[in-house]
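Notes to accompany the following structure.
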Amino acid sequence: MTETQHGPAAIRLDVWLWAARFFRTRSLAKHAVETGKVEIGGQRPKSSRAVRIGDALRVQRGE
Numbered sequence: 003m004t005e006t007q008h009g010p011a012a013i014r015l016d017v018w019l020w021a022a023r024f025f026r027t028r029s030l031a032k033h034a035v036e037t038g039k040v041e042i043g044g045q046r047p048k049s050s051r052a053v054r055i056g057d058a059l060r061v062q063r064g065e
């Protein structure tokens, strides 16, 4: 994440999942989001949703 004038910048959900090493590739992270294996605040987001500090993520791994 980079800093902006108003605080930390947001980053795409699929990019963050890949960078945090939950998934080997960004496309695998995107697929997990699209198939409902990732939630933010109890809701199913799109892979392009911005993730910010303080967001609560739930990531389901495996089958």
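According to the numbering used here, the sequence shown is numbered sequentially starting from 3. Ideal Cβ placement from N, Cα and C applies to all residues, glycine included.
- Ala52 carries a strand assignment under DSSP once its states are collapsed to helix, strand and coil.
- Around the Cβ of Lys32, a 10 Å sphere holds 16 or more other Cβ atoms; the residue is buried.
- Taking 8 Å as the cut-off, the Cβ atoms of Val53 and Ile13 count as close.
- In the DSSP annotation of this structure, the continuous segment of the alpha helix (DSSP H) that includes Arg28 starts and ends at Arg28 to Glu36.
- The beta carbons of Asp57 and Gly43 sit about 7 Å from each other, so the pair counts as a contact at 8 Å.
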